[in-house]
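Chains as they are written, first to last, in the numbering used here: chain H, 10 to 133; chain C, 44 to 566.
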Amino acid sequence: MARILVADDDVDVRTLVVLKLKSSGHEVLSVENGAEAVQSCLANRPDLVVLDLMMPGMSGLQACEAIRSDPTVAGTPVILLTARAQEADVDAGLKSGADEYLTKPFSPRELATCVDSLLAGGRG
Amino acid sequence: MSGLGWLERLERSSMRKQYLLSLALIGVVLLMTTLVCAGAVVWASISMRNAEQRIVALGTANRAVLQDMTDAQTGLASYRVRREQSVLQPYEFAMNFLPFDQRRLRGLAASSPSLEAAAKQQSDAIAAWLGRYASPSLDGRHRTTAEDDRLFDRGQDLFKTVRSSNKAVQARIDSEIRHIKSKTRTVLILAVGFVILLPLLAVLVVFLVVRRMGDSVVKPLTDVSDVLDRLSAGDTEARASVTGPEEIREIATALNRLTDENLRASEVEADVLSQLETIDRVRTDLVSTVSHELRTPLTSIAGYLELLQDDLLDKMSPQQATMMGAIRRNLDRLNELITNLLALSRAEETQLSVEPVDLRGIAAEVASDIRLTAAARDITVRTLQSAAPVVVLGDRSQLIRAVSNLVTNAVKFSRQGGVVELRVTQEGGHALLEVVDEGIGIPSGDLAGLGSRFYRASNAMQAEIAGTGLGLRIVQTILDRHDGSLAVGSVEGEGSTFTIKLPVTRSGYGQVLAARTAEPSYD
Chain H
10 MARILVADDD
20 VDVRTLVVLK
30 LKSSGHEVLS
40 VENGAEAVQS
50 CLANRPDLVV
60 LDLMMPGMSG
70 LQACEAIRSD
80 PTVAGTPVIL
90 LTARAQEADV
100 DAGLKSGADE
110 YLTKPFSPRE
120 LATCVDSLLA
130 GGRG
Chain C
44 MSGLGWLERL
54 ERSSMRKQYL
64 LSLALIGVVL
74 LMTTLVCAGA
84 VVWASISMRN
94 AEQRIVALGT
104 ANRAVLQDMT
114 DAQTGLASYR
124 VRREQSVLQP
134 YEFAMNFLPF
144 DQRRLRGLAA
154 SSPSLEAAAK
164 QQSDAIAAWL
174 GRYASPSLDG
184 RHRTTAEDDR
194 LFDRGQDLFK
204 TVRSSNKAVQ
214 ARIDSEIRHI
224 KSKTRTVLIL
234 AVGFVILLPL
244 LAVLVVFLVV
254 RRMGDSVVKP
264 LTDVSDVLDR
274 LSAGDTEARA
284 SVTGPEEIRE
294 IATALNRLTD
304 ENLRASEVEA
314 DVLSQLETID
324 RVRTDLVSTV
334 SHELRTPLTS
344 IAGYLELLQD
354 DLLDKMSPQQ
364 ATMMGAIRRN
374 LDRLNELITN
384 LLALSRAEET
394 QLSVEPVDLR
404 GIAAEVASDI
414 RLTAAARDIT
424 VRTLQSAAPV
434 VVLGDRSQLI
444 RAVSNLVTNA
454 VKFSRQGGVV
464 ELRVTQEGGH
474 ALLEVVDEGI
484 GIPSGDLAGL
494 GSRFYRASNA
504 MQAEIAGTGL
514 GLRIVQTILD
524 RHDGSLAVGS
534 VEGEGSTFTI
544 KLPVTRSGYG
554 QVLAARTAEP
564 SYD
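Pasting the structure below:
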């Protein structure tokens with residue numbers, strides 16, 4: 010059982026991720042945008058963060074960079090969710106420090122596998 | 044009009060005119076020099092000859108006067124001894140000549156006051172001798188011996204005076220000769236001086252004029268050249284000043300006009316470029332926004348469907364399971380359609396980032412990506428590569444997309460347990476990448492329609508094989524942008540061969556880069 014922070018501006022996608030991860034037995038916190046994600050991350054020290062790439066205000070990329078730049082939470086694994094599957098986007102995502110990259114539409118099973126794998130210490 | 048204005052006007056006239064004027068000026072100066080020198084020499088020689096003639100005539104006249112007087116004196120002396128009329132003949136001759144000779148002398152002496160004075164003194168002395176000796180000697184009056192001796196002595200004295208005055212005249216003539224000689228020398232020296240100085244002066248004048256005209260040509264030209272330098276250095280404010288001769292003013296005007304036009308053109312170009320950039324950014328934003336806006340709801344639908352299926356796994360009737368399956372299939376189809384539409388838009392519009400690419404690497408990468416999917420239907424995907432690199436210039440991600448679409452099709456239309464083969468070869472100047480399958484093939488009637496948007500082969504639709512009809516269209520578009528082509532060979536029921544043909548890079552350049560790019564950039 011791990012504590013996971015989910016940030017997505019789309020309420021349905023957010024709920025979907027929360028439902029799936031809760032059913033996998035995790036404690037899940039959810040927020041609506043990047044700024045809240047960074048705030049909540051610092052306050053709650055989750056074991057893993059799931060960020061949507063495209064959010065109003067602070068994007069997932071910026072939030073990821075902010076998390077990576079704070080030494081207290083810099084080591085937290087981050088999964089980015091995105092609708093863009095271009096190589097350049099993947100590069101930018103991985104450069105910002107994300108550990109994994111899931112392209113929409115992803116299946117909840119895929120996400121759960123990815124989360125478990127990262128929590129176990131591996132990648133992918 | 045002032046002198047300066049005249050010169051300025053000359054400097055602004057055409058260079059042809061300026062040079063013609065320079066030549067004319069040189070000609071005039073040389074002609075004048077020649078004329079002045081020749082005139083000086085001619086004048087000097089004429090005046091010297093005239094002077095010589097006059098001096099000679101003066102000397103002759105003076106000697107004649109003395110001769111007349113000597114004859115008269117001798118005649119009178121003889122007469123005093125013999126008292127015969129016959130011995131007076133020399134005296135009478137002399138008296139006949141004397142006035143003439145005296146007139147001649149005084150006439151010649153008139154040009155020089157000192158000479159004239161000397162001649163006048165001589166005339167006075169002669170008059171004294173005539174009046175106080177010659178006339179009394181011949182008046183026939185009787186005189187005592189003592190009286191006669193006194194008269195004779197007086198005659199001797201008076202003659203001495205005449206002789207000395209004659210000498211004085213001769214001395215004046217001699218001094219005149221010296222004077223004339225020195226004057227002639229001066230004139231000749233002056234003439235020689237002119238001969239030397241005037242050409243020097245002429246050369247100096249011509250030099251100054253030509254240099255001034257040269258400056259009026261060179262300076263504006265240098266100015267134009269400076270402006271060209273500044274322009275090429277990027278100084279768009281630089282303009283040539285319109286000065287100097289007509290031709291250079293025309294050049295400067297043309298240069299300025301050209302620069303203005305260039306500036307306007309580059310401003311327009313920059314404007315167009317920035318507008319294009321805006322359009323491109325808006326388009327890119329649109330593509331990513333659309334893809335986000337379409338895929339986010341798709342994620343929810345597919346995700347919740349999956350959760351529902353998990354929850355209801357054992358509770359659904361067969362009919363409900365079929366309905367769920369239909370939803371699932373159509374979601375996949377929708378997703379593929381979105382992916383392909385975006386890929387097509389990208390293939391058509393995105394700037395290619397061209398680099399040397401080894402097609403063997405692309406084939407290997409695509410094959411390894413699809414093996415898992417293929418294995419699910421027991422389909423083997425293998426590659427048959429040439430030993431040497433097959434290098435083309437192209438956009439790596441786009442080429443992968445093209446090959447991937449062909450291989451995905453090949454797997455999709457293969458039968459259970461079939462084989463899909465990727466062959467990379469080089470044939471002359473072309474790289475060939477063949478995708479060969481043993482699938483259902485394409486009816487010959489449908490071959491022509493392949494590559495049109497949303498076109499699908501009739502047997503694919505009958506077999507209910509999912510597809511959007513965009514895959515080949517994307518391949519075609521990508522190959523068009525790489526100067527390549529796509530060939531299709533197919534026998535219905537036996538399989539298809541799709542052949543990508545691309546120009547290979549020239550010479551060893553590509554080989555070297557290929558060796559570099561073929562290294563483990565993919566894994």
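A virtual CB, placed ideally from N, CA and C, is assigned to each residue, including glycine.
Predicted, not measured: the structure shown is a model, and the values here were computed from it.
Is it right to say H:G133 is buried, meaning 16 or more other beta carbons lie within 10 angstroms of its own, or is it exposed?
-> Any reading at H:G133 is ruled out, since the residue's pLDDT is 40, under 50, leaving its predicted position unreliable.
Since H:P65 meets chain C, which of its residues come closer than 8 Å, beta carbon to beta carbon?
-> By Cβ distance, chain C contributes nothing, its closest Cβ being about 12 Å from H:P65, past 8 Å.
Going straight from the alpha carbon of C:T188 to that of C:D200, what length do you get?
-> 18 Å
Measure the Cβ-Cβ separation of C:E289 and C:S57 and say whether it is below 8 Å.
-> yes
Taking C-beta pairs closer than 8 Å, name the residues in chain C that H:P55 reaches, listed in chain order.
-> The contacting residues do not exist; H:P55 stays about 21 Å from chain C at best.
Contacting residues, own chain, Cβ-Cβ under 6 Å from C:T423 (five flanking each side not counted) | V462
Would you list, in chain order, the members of the stretch 108 to 124 of chain H that have their beta-carbon closer than 9 Å to a beta-carbon of chain C?
-> T112, K113, P114, F115, S116, P117, R118, L120
Neighbour list for C:H525 in chain H, Cβ cutoff strictly below 9 Å | Chain H residues near C:H525: none, gap ~18 Å exceeds 9 Å.
At which residues does the alpha helix (DSSP H) containing H:E45 begin and terminate?
-> 43 to 53
Top-ranked residue by Cα proximity to H:D125, from H:E45, H:D21, H:L30 | H:L30
Count the other CB atoms, across all protein chains shown, that sit within 10 Å of the CB of C:A417; report buried if there are 16 or more and exposed otherwise.
-> buried
Given a cut-off of 8 Å, decide if C:L402 and C:A474 are closer than it, judged by their beta-carbon atoms.
-> yes
Could you have a look at C:L581 and say whether DSSP puts it in helix, strand or coil?
-> What is shown of chain C runs 44 to 566, which leaves residue 581 of chain C out entirely.
Of the residues C:I98, C:D353, C:E470, C:Y347, which one's Cα is nearest the Cα of C:R215?
-> C:I98
Start and end of the alpha helix (DSSP H) containing C:L73?
-> 58 to 125
What residue range is occupied by the uninterrupted alpha helix (DSSP H) comprising C:T382?
-> 361 to 392
When the cut-off is 8 Å and only beta carbons count, does H:M31 lie next to chain C?
-> It should be noted that the sequence gives Lys, not Met, for residue 31 of chain H. It does not; no Cβ of chain C falls within 8 Å.
Which of helix, strand or coil DSSP assigns to C:V518 = helix
Nearest chain C C-beta to H:V22 closer than 8 Å, yes or no?
-> yes
Own chain, CB closer than 8 Å to H:V82, minus 5 neighbours either side, in chain order | C50, L51, R54, I76
Pairwise C-alpha distance: C:S533 and C:G512 | 18 Å
Sequence-distant residues of the same chain with beta carbon closer than 6 Å to H:E41, five excluded per side = D18
Chain C within 8 Å of H:L28, Cβ atoms only | yes
Are the beta-carbon atoms of C:A234 and C:C80 separated by less than 8 Å?
-> yes
Given that C:Y347 touches chain H, what residues does it touch there, using C-beta distances under 8 Å?
-> D21, L25
Quick check: the stretch 67 to 74 of chain C against the stretch 298 to 308 of chain C, are there 3 or more CB pairs under 8 Å?
-> no
Per DSSP, what kind of secondary structure is C:S155 in: helix, strand or coil?
-> coil
By how many angstroms is the C-alpha of C:T332 removed from the C-alpha of C:V397?
-> 26 Å
Taking the alpha-carbon positions, what's the C:R193 to C:V124 distance?
-> 15 Å
Smallest Cα separation from C:R19: which of C:Q128, C:D167, C:N105?
-> Residue coverage of chain C in this structure runs from 44 to 566, which leaves residue 19 of chain C outside it and unanswerable.
Under 8 Å from the C-beta of C:N378: neighbouring residues of chain H | P114
Given that C:S343 touches chain H, what residues does it touch there, using C-beta distances under 8 Å?
-> D19, D21, V22, L25
Does the beta-carbon distance from H:L62 to H:L90 come in below 8 Å?
-> yes
Would you mind stating whether C:L141 and C:D111 have Cβ atoms separated by less than 8 Å?
-> yes
For C:R186, collect the residues of the same chain with a Cβ closer than 8 Å to its Cβ; drop the 5 residues on either side in sequence, then sort them by chain order.
-> L194
DSSP state of C:F541 mapped onto helix, strand, coil = strand
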